[in-house]
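Enquirer:
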Amino acid sequence: MKFSNAKGTRDFPPETLVKRKYILNIIESVFKKFGFMPLETPALEQLETLTGKYGNEGDKLLFKVINSGDFAAKVDDETWKNKQSEKILRFICEKGLRYDLTVPLARFVASNRNEIVFPFKRYQMQPVWRADRPQRGRYREFWQCDIDTLGTNCLMNEAEIISMAVEIFKTLNLNVTIFINNRKILEAIAEKYQILSEFTRFTNIIDKLDKNDFESLKLDFESLGLSNQQIEELKKILKKYTFDTNGINQLKDIFLTNPKAIAGCNEFYEIYSYLEKSELNEKAVMIDLSLARGLDYYTGCIFEIKSNEETIGSIAGGGRYDNLTEVFGLKDVSGVGVSFGIDRIYDIMEKLKLLNHIRTSDVKVLLCHFDKNGQIYNFQKAAELRNNGISAEVYPDIKKINKQFEYAEKKEIDFVIITGEEEINTGVLTLKNLKHRTQEKLSFENVIERLNF
RNA sequence: GUGAUUGUAGCUCAGUUGGUUAGAGCGCUUGAUUGUGGUUCAAGAAGUCGCGGGUUCGAGUCCCGUCUUUCACCCCA
51 MKFSNAKGTR DFPPETLVKR KYILNIIESV FKKFGFMPLE TPALEQLETL
101 TGKYGNEGDK LLFKVINSGD FAAKVDDETW KNKQSEKILR FICEKGLRYD
151 LTVPLARFVA SNRNEIVFPF KRYQMQPVWR ADRPQRGRYR EFWQCDIDTL
201 GTNCLMNEAE IISMAVEIFK TLNLNVTIFI NNRKILEAIA EKYQILSEFT
251 RFTNIIDKLD KNDFESLKLD FESLGLSNQQ IEELKKILKK YTFDTNGINQ
301 LKDIFLTNPK AIAGCNEFYE IYSYLEKSEL NEKAVMIDLS LARGLDYYTG
351 CIFEIKSNEE TIGSIAGGGR YDNLTEVFGL KDVSGVGVSF GIDRIYDIME
401 KLKLLNHIRT SDVKVLLCHF DKNGQIYNFQ KAAELRNNGI SAEVYPDIKK
451 INKQFEYAEK KEIDFVIITG EEEINTGVLT LKNLKHRTQE KLSFENVIER
501 LNF
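Sequential numbering from 51 applies to the first sequence in our numbering.
#1: Tell me which residues share the same chain as Glu144 and place their Cβ nearer than 7 angstroms to its Cβ, disregarding the 5 neighbours each side in the sequence.
#2: DSSP on Asn483, reduced to helix/strand/coil?
#3: If contact is defined by three or more beta carbon pairs under 8 angstroms, each pair taking one atom from either stretch, is the region 414–433 in contact with the region 467–484?
#4: Ile498 and Ile440: beta carbons closer than 8 angstroms?
#5: Which residue's Cα is closest to the Cα of Ser135: Val444, Val153, Lys114?
#6: So what's Gly297 in DSSP terms, helix, strand or just coil?
#7: Using the Cβ count rule (16 or more neighbours within 10 Å means buried), how would you classify Phe62?
#8: For Leu236, which residues from the same chain have a beta carbon less than 7 angstroms from its beta carbon, with the 5 sequence-adjacent residues on both sides left out?
#9: Hey, which unbroken runs of the alpha helix (DSSP H) at 4 residues or more fall wholly within the region 321–349?
#10: Can you give me the C-alpha to C-alpha distance between Arg338 and Val80, rounded to a whole angstrom?
#11: Here's the rule I'm using: 16 or more other beta-carbon atoms within 10 Å means buried, otherwise exposed. How should Ala442 be labelled?
#12: Would you identify the three-state DSSP class for Ser364, choosing helix, strand or coil?
#13: Going by DSSP, what residues sit across from Arg60 in a beta bridge?
#14: For Gln489, is the classification buried or exposed, using 16 other Cβ atoms within 10 angstroms of its Cβ as the cut-off for buried?
#15: If you draw a straight line from the alpha carbon of Ser213 to that of Phe293, how long is it in whole angstroms?
#16: Assign Ser277 to buried or exposed, taking buried as 16 or more other Cβ atoms, counted over all protein chains shown, within 10 Å of its Cβ.
#17: Assuming Ala123 and Lys234 make a contact with CB atoms under 8 angstroms, what is their CB distance in whole Å?
#18: Relative to the alpha-carbon of Glu229, which residue among Ile362, Tyr348, Ala334 has its alpha-carbon at the smallest distance?
#19: Is Gly387 near Asp198, with beta carbons less than 8 angstroms apart?
#20: Where Ile355 and Gly379 are concerned, what is the direct C-alpha to C-alpha distance, given to the nearest angstrom?
#21: Extract the residue ranges of the alpha helix (DSSP H) inside the region 123–171, only unbroken runs of 4 or more that lie entirely within it.
#22: With respect to the alpha helix (DSSP H) encompassing Val497, which residues constitute its N-terminal and C-terminal limits?
#23: Under a three-way DSSP split, which group does Val478 fall into?
#24: Excluding sequence positions up to five away, which residues of its chain have a Cβ less than 8 angstroms from the Cβ of Ile281?
#25: Looking at the structure shown, is Gly424 part of a helix, part of a strand, or coil, going by DSSP?
This is the structure we're talking about:
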């Protein structure tokens, strides 16, 4: 194959796209049901909008877009000769592909603050790009389905996110667990051990706990300056707790005095108070103190959702960010949101054969013919059928009838209308059910009745 | 970004220590069957062996580069 796709990007053939849209539609309809409004932003952002928001690793994964025109001429000889990529970059590119949908949202909200109705509830389903090495469930171009609420501190929004996630995955028939944590509690731990200055490194290490056992990370914790006793203590604390009064009480008992931890626990209590009476099953939501999340901008509650059946990393993630719009000049606007990764959801559902029932075509009937006269007649009949709300397709060529049947079968069209001289003369339609191999002669009205089930 | 790994017909894959004209199954086309398919039978088309370079009398096979795939890190949806 001479022309392959760019690394980590894919084509979506019709059969795939039909299934993707099925998932997207479910997600979108739930978003709408909760009162979120759509937003789209450009694929391209100013590079300075994107840099510095995702941590060091994030910046490395940004796709940069080279300036048009004679970009090389604008680099001075000295910089060019020294081959320092970072410095040259500043001269030759000023745009980049978006890395997620949250930062563009913050930019949008900050610059449209006067037109926006707050609290601002928006959903956004668009591709994002990351210059990562691809592997299973990891692509360089993938779609995120985001919802965010900005301009309110109310923790009902966190509870709402959980409800939405539960509804989405219930509708999709996927067994998942929603893991939640709170950055305030993680900060409290870091404070307790006086490693707050190393907070990012600390969260990076504990985030590995889902893949590695605690023992193998001991050296990492030691490198933070923690004593053996402290590490043993951590081992007891960094685990999962049930998301109910019992579990939160356990947590609170650990950090009796630390104000940040108490704040974090109180947030859990409040979020739980909204959900207490809903029909969540006990294992749908878990508090997981080893959940950290890499993105730098989270300040409160954080979420991550994983499939119970497939290990492909997380299929959704998000959290509360108090200061994200501040870097775009808008203070005191807190936001909370979550992003669903449709590509991973698709991969899991495909593997679990949960998408096999999706029909590739909405067409109810294929009109077949033996000659030009039949085709012309069918062209008119198809128009009449469509006018009566029936999606119909005329076989687009004059070929043997069995070819036409095979075409219908491949496109999962159950019915065919067979038009020959006899049908044209009498005005009666021959309707055949390909699945049952039955066939009957019907009037136009009866055909509509038959196909309108 | 680090270290591995993959690529042969539309698809899944064979292809010996380097040796003539690169094979199979499925699929596809045509016919048996000129108004009724999915079975069966017969025939047929199909490949710059990912791409570029090198070694060799000779490369699908060995070497280098490159693109792509998958995997482990890093990190993440």
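Cβ atoms here follow ideal geometry from the backbone N, Cα and C, with glycine treated the same way. For clarity, every value in this text was computed on a predicted model and none was experimentally measured.
Expert: The structure says:
#1: The residues are Gln96, Leu97, Asn117.
#2: strand
#3: Note that the region 467–484 touches the region 414–433; at least 3 beta-carbon pairs, one per stretch, sit closer than 8 angstroms.
#4: In this structure, Ile440 lies closer than 8 angstroms to Ile498 by Cβ.
#5: Lys114
#6: helix
#7: exposed
#8: Result list for Leu236: Thr253, Ala342, in chain order.
#9: none
#10: Looking at the sequence itself, residue 338 is Asp, so the reference to Arg does not match. Between Asp338 and Val80, the C-alpha separation is close to 26 angstroms.
#11: A buried status is given to Ala442, since no fewer than 16 other beta-carbon atoms sit within 10 Å of its beta-carbon.
#12: coil
#13: Paired residues: none, contrary to the question.
#14: exposed
#15: 14 angstroms
#16: A residue is called buried when at least 16 other Cβ atoms come within 10 angstroms of its Cβ; Ser277 does not meet this threshold and is exposed.
#17: Contact flag wrong, Cβ pair sits at about 51 angstroms.
#18: The question names Glu, but residue 229 in the sequence shown is Phe. By alpha-carbon distance to Phe229, the top candidate from Ile362, Tyr348, Ala334 is Ala334.
#19: With a cutoff of 8 angstroms on beta-carbon distance, Gly387 and Asp198 are scored as near each other.
#20: Between the alpha carbons of Ile355 and Gly379 lies a gap of roughly 32 angstroms.
#21: 127–132, 135–142, 152–161
#22: 494–501
#23: coil
#24: Lys268, Phe271, Glu272
#25: helix
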